[in-house]
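Number of protein chains: 4
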Amino acid sequence: MVSANITSILSTLVTANHILHYHSVLDAYGHISVRNPENASTFFLARSLAPALVSSAEDINELNIVDASHTDTNRPRSFVERFIHSEIYKRFDNVNSVVHSHSPQVLPYTITDVPLKATYHMPGFLGDQGVPNFDIAEFYEPGDDQDLLVSNTRLGAALASTFNVNSTNSFPDPPAVLMRGHGLAVAGQSIEQAVFFSMYTHSNAEIQSSAIELQHTFSNTGERSGVQYLTAQEGRDAWATNKPLIVRPWELWHREVQTMGQGLYVNELEQ
Amino acid sequence: MVSANITSILSTLVTANHILHYHSVLDAYGHISVRNPENASTFFLARSLAPALVSSAEDINELNIVDASHTDTNRPRSFVERFIHSEIYKRFDNVNSVVHSHSPQVLPYTITDVPLKATYHMPGFLGDQGVPNFDIAEFYEPGDDQDLLVSNTRLGAALASTFNVNSTNSFPDPPAVLMRGHGLAVAGQSIEQAVFFSMYTHSNAEIQSSAIELQHTFSNTGERSGVQYLTAQEGRDAWATNKPLIVRPWELWHREVQTMGQGLYVNELEQ
Amino acid sequence: MVSANITSILSTLVTANHILHYHSVLDAYGHISVRNPENASTFFLARSLAPALVSSAEDINELNIVDASHTDTNRPRSFVERFIHSEIYKRFDNVNSVVHSHSPQVLPYTITDVPLKATYHMPGFLGDQGVPNFDIAEFYEPGDDQDLLVSNTRLGAALASTFNVNSTNSFPDPPAVLMRGHGLAVAGQSIEQAVFFSMYTHSNAEIQSSAIELQHTFSNTGERSGVQYLTAQEGRDAWATNKPLIVRPWELWHREVQTMGQGLYVNELEQ
Amino acid sequence: MVSANITSILSTLVTANHILHYHSVLDAYGHISVRNPENASTFFLARSLAPALVSSAEDINELNIVDASHTDTNRPRSFVERFIHSEIYKRFDNVNSVVHSHSPQVLPYTITDVPLKATYHMPGFLGDQGVPNFDIAEFYEPGDDQDLLVSNTRLGAALASTFNVNSTNSFPDPPAVLMRGHGLAVAGQSIEQAVFFSMYTHSNAEIQSSAIELQHTFSNTGERSGVQYLTAQEGRDAWATNKPLIVRPWELWHREVQTMGQGLYVNELEQ
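Those sequence lines, one after another, are chains A, B, C and D.
Following my numbering, the numbering of the first sequence begins with 1 at its first residue and continues without gaps.
Following my numbering, the numbering of the second sequence begins with 1001 at its first residue and continues without gaps.
Following my numbering, the numbering of the third sequence begins with 2001 at its first residue and continues without gaps.
Following my numbering, the numbering of the fourth sequence begins with 3001 at its first residue and continues without gaps.
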């Protein structure tokens, strides 16, 4: 019933869930999805389950991009925030995977006015303009629950429209949007790329915070200068170089969750 | 002799001890209790033992809420600070579980004048008014040991009265009180809820500290502004949404201590 | 040849080495010793070996307190810095165990002018006056290697004399001395106590640094105030309460190194 | 075909890869090489693979120092940045091992104007003058990819020339160079020494950042003083003492990756 191609991509999705948990990008919450490679109008997303525990095809639903509805309404339902995924796929043809996380390293950038920018070459994809910050409060309507969740198509579309676009409308640049008081959303052309972007956005935030605190307490000048970020061209060129090479970290991360999980991470699709 | 219901709740209590240790909310000290579901005037609390090592019904005592006395005086005794638990149960009818911890992330908020407030939706329950801080020194009487421990009914009652109440007197809002130079106390309607509150108070403190240090060293303005907290309504609405969903993290945390403990965490009640 | 009493204390010493490594108080360097309970003029200290790898009586030497010489000169030699231990034992009759570490949490306090003081009740033993800081440079003589090591009796005695004494000369108060650009030395009445002091000095340093950075970036007033430390009496009373109870953390720490080490920690004396 | 001597050094190289990953000096990227002990004009470096996964002689290439070309062009190729290694070997006769890492602790020092200096005796080799910072932008030529990678002989030579030399031209002092927005390069006379330098540069950066943030937020004076670094002589003497003793940490680190890896770290050359 399910093609080998789909089984393979679901297995990769299970592994991606485990990787993002192992590296503390996700905790008990957050999710990663992938667009259906055989039907561009649907995507796959786990049922409402902690990422570390996603382990089989039974744990994954197919959803319609048009309205984030379930193609099979008899299965246990996916996350309330599935609209984050559906609306990003709707807006960007070349996005094939989406991560939503509450990374503790990134969260401070969602509630301060410090722009998150590329500090080194691995997260060069973040660029030099600051990652956009989506404040859901600007989109509340009277009577809305103000629980900060992206729980319908309207809020999902507002989030998706916060991504910057560059020369093309098919993929965002940078591939991330902060979410005020909540976390972030990251887009990739593949699962591996969305995981790579998520991991190095997390890493960049940690290094940038250390650099700012180090530089500003050291110089204590009150000037908003001192930390030297990558230039726009450096960020662009670094990502162009890294892009074809992301199989290298994926191979490590995959192996880590296979060996280090002590039975926590189960991927039945790898058998 | 012991009902299946009680065995089940004691098993959950053992697991909660392990979870709070695994996530460094508790170290060798601290404790979690649960109100007796079959007798609202008693509660269950481990004997004086490091939380990671609590493993069987033999390790758990039943205590009277009225004075934190042991119902069975022949068993190894519980913690000196059992009055934290008894007095919170006495004051709040809807509190069914209490955690006391020395979280290193939260401790700085007990000895500074920085109010601990909700920075993102998961700890929305913390609200926007700052978690109250109980300074035991205000309640010392002549001749008291000034060891900061809540070691009698009087001090327990003083701590319990530091919790804020909102529309009702049956449950505190927020469900936490800081303890100056000591740690914090957290209340829940269930074990799972008390663990959830403890975990996300810990997480919020870490993120809030990062945000303040980032924002204030970056802007270096000397103004007490810059970090954007959740509004009162956002915190309230976020918790209302999260409340029915806390089975999701519990399921993960339970699985973690079952798989990752390498024999450290033993729960004989799960056999 | 070796009494059961000595075997037991050497086993405890092996476990203490493992505990201090497991909790990152020691890395590949640092050491813990114990006074010979059957001969107050000698003490036991590992041969020059990373603490995690100390595993048998063969790894432990007996040394003379008078000059840190080896009682058996045919065995592999102990650390260059054995004079830290010998001179502290020489000065304080009631010191029965000494730890020397390079704790990364404590090191910043050795090279700044921020006094290390008790922030909460567990490290109440640190008191409210600031832990003394030994600067070896004050004791260099012409021709000395300036490698910061306490490598002879003269430097060991200088270090030992830096400890504060209180009402009595038999035990230092607080039980720790910082070592500028190097680490710290900690004294205990027993191995368990020296480990307890080392662990909670480490913890206090981490919490104090967080509190100072939080408070001072938040208020940004330039005033040296804001963090509220324990009073002298609170520190004293807290330690008096904790002192008889340190078997509780020891039991946990012992179990951790027995279960979590995956074969790294071997204690042949426990067989 | 391969001598026992070479097999032994390749085994050590595999172990070094694992150690640097286990201690988070390397993540999925970065590399360590060793000069061929039987042919000073070539060196050994893994194929393009995450360090944790390097496990056999098949994973390691021999390269020519003159131009970083592969001696066997039929094997899977090594890293784009192999010129970091070749040019450092070319410039310094006594360098026999090179590490390139993206240490998150060190990275902030590459993008701020805070000089990285020795804060304690273990990293005394860093000295008191600040580790030089290589900014590749000064060496870009028109048409160059500005991806920050050291991807040819010209850029490798520019990096190698950034190392300081002292009394002799055969080994750099300090043995490290920062790389702006990228990471660092570290040289050793042996694999063990290069690993030691990498580990304690990482440790020093963490401690120095903590000390600066602690001191400068505490005193808040705006003066660039307060942290007390090692003097030049102290750094020099400390390294002279530590140099013959680095077998002690190596023995620990080797054992850690043998026991703690749960199957992640495989060294087929140790069988």
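No residue lacks a Cβ here, since even glycine has one placed at the ideal position from N, Cα and C.
Just so it is clear, the structure is predicted and the values come from calculations on it, not from any experiment.
For residue i, three-class secondary structure by DSSP
{"i": "C/T2042", "result": "strand"}
{"i": "D/V3257", "result": "helix"}
{"i": "D/L3178", "result": "strand"}
{"i": "B/H1102", "result": "coil"}
{"i": "C/A2187", "result": "strand"}
{"i": "B/L1063", "result": "strand"}
{"i": "A/N5", "result": "helix"}
{"i": "A/I32", "result": "strand"}
{"i": "D/R3075", "result": "coil"}
{"i": "D/I3017", "result": "One point to set straight first is that residue 3017 of chain D is Asn, not Ile, in the sequence displayed. Looking at D/N3017 - three-state DSSP - the assignment turns out to be helix."}
{"i": "C/S2097", "result": "strand"}
{"i": "D/H3202", "result": "helix"}
{"i": "B/H1070", "result": "strand"}
is_contact[residue i, chain C] using C-beta, thresh 8 Å
{"i": "B/I1212", "result": "yes"}
{"i": "D/R3248", "result": "yes"}
{"i": "D/L3148", "result": "no"}
{"i": "D/L3230", "result": "yes"}
{"i": "D/A3240", "result": "yes"}
{"i": "B/I1006", "result": "no"}
{"i": "D/D3237", "result": "yes"}
{"i": "B/Q1262", "result": "yes"}
{"i": "D/V3227", "result": "yes"}
{"i": "D/R3077", "result": "no"}
{"i": "D/E3192", "result": "no"}
Min CB distance residue i to chain A below 8 Å
{"i": "B/T1203", "result": "Per the sequence shown, residue 1203 of chain B should be read as Ser rather than Thr. It does: the Cβ of B/S1203 has a partner Cβ on chain A nearer than 8 Å."}
{"i": "B/E1268", "result": "no"}
{"i": "D/Q3233", "result": "no"}
{"i": "D/H3085", "result": "no"}
{"i": "D/S3272", "result": "Nothing can be reported for residue 3272 of chain D, as the shown portion of chain D is limited to 3001 through 3271."}
{"i": "B/R1255", "result": "yes"}
Cβ separation of residue i and residue j, assumed to be a contact under 8 Å, to the nearest whole Å
{"i": "D/Q3208", "j": "D/L3116", "result": "7 Å"}
{"i": "D/A3068", "j": "D/R3047", "result": "That pair is no contact at about 14 Å."}
{"i": "A/A304", "j": "D/D3147", "result": "A query on residue 304 of chain A cannot be resolved here, the shown segment of chain A reaching from 1 to 271 and no further."}
{"i": "C/H2070", "j": "C/R2077", "result": "7 Å"}
{"i": "A/F196", "j": "A/I136", "result": "Actually they are not in contact, since the Cβ atoms of A/F196 and A/I136 sit about 27 Å apart, beyond 8 Å."}
{"i": "C/S2103", "j": "C/H2202", "result": "5 Å"}
{"i": "A/S11", "j": "A/E38", "result": "In fact, because the Cβ distance is near 15 Å, the residues do not count as touching under 8 Å."}
{"i": "A/A118", "j": "A/L230", "result": "4 Å"}
{"i": "A/P172", "j": "A/F92", "result": "6 Å"}
{"i": "A/I191", "j": "A/A16", "result": "5 Å"}
{"i": "D/F3134", "j": "D/L3063", "result": "With 8 Å as the limit, D/F3134 and D/L3063 do not qualify as a contact, their Cβ atoms being about 21 Å apart."}
Interface flag, residue i vs chain B, CB-CB below 8 Å
{"i": "A/H31", "result": "no"}
{"i": "C/V2195", "result": "no"}
Residue-chain proximity (residue i, chain D), Cβ-Cβ < 8 Å
{"i": "A/F218", "result": "yes"}
{"i": "A/R224", "result": "At A/R224 the pLDDT is 44, less than 50, meaning the model places this residue with poor confidence and gives no usable figure here."}
{"i": "A/T259", "result": "yes"}
Which residues of the segment 106-130 of chain A have a Cβ closer than 7 Å to any Cβ of chain D? Give them in chain order. The segment 106-130 of chain A vs chain D, Cβ under 7 Å: T119, Y120, H121 and M122.
Going along the chain, which unbroken runs of the beta strand (DSSP E) with 3 or more residues stay wholly within the segment 1135-1176 of chain B? You should have found no qualifying run.
Contact list for the segment 1089-1106 of chain B against chain C, Cβ threshold 9 Å: Under the 9 Å Cβ criterion, the segment 1089-1106 of chain B contributes H1102, P1104 and Q1105.
If the cut-off is 7 Å on Cβ atoms, which residues from the segment 131-163 of chain A count as contacting chain B, listed in chain order? Those residues of the segment 131-163 of chain A that come within reach of chain B (Cβ to Cβ, closer than 7 Å) are D145, Q146, D147, L148 and L149.
If contact means a Cβ-Cβ distance below 9 Å, which residues of the segment 2039-2069 of chain C contact chain D? For the segment 2039-2069 of chain C, the residues whose beta carbon sits under 9 Å from a beta carbon of chain D are, in order, S2048, L2049, A2050, P2051, A2052 and L2053.
The segment 3166-3189 of chain D: which residues have C-beta closer than 8 Å to a C-beta of chain A, in chain order? Answer set for the segment 3166-3189 of chain D: R3180, G3181, H3182 and G3183.
Going along the segment 1010-1037 of chain B in order, which residues come within less than 9 Å of chain C, judged by CB to CB distance? Those would be H1021, D1027, A1028 and Y1029, in chain order.
Continuous alpha helix (DSSP H) assignments of at least 4 residues falling wholly in the segment 1224-1254 of chain B: Whole alpha helix (DSSP H) segments, 4+ residues: 1232-1242.
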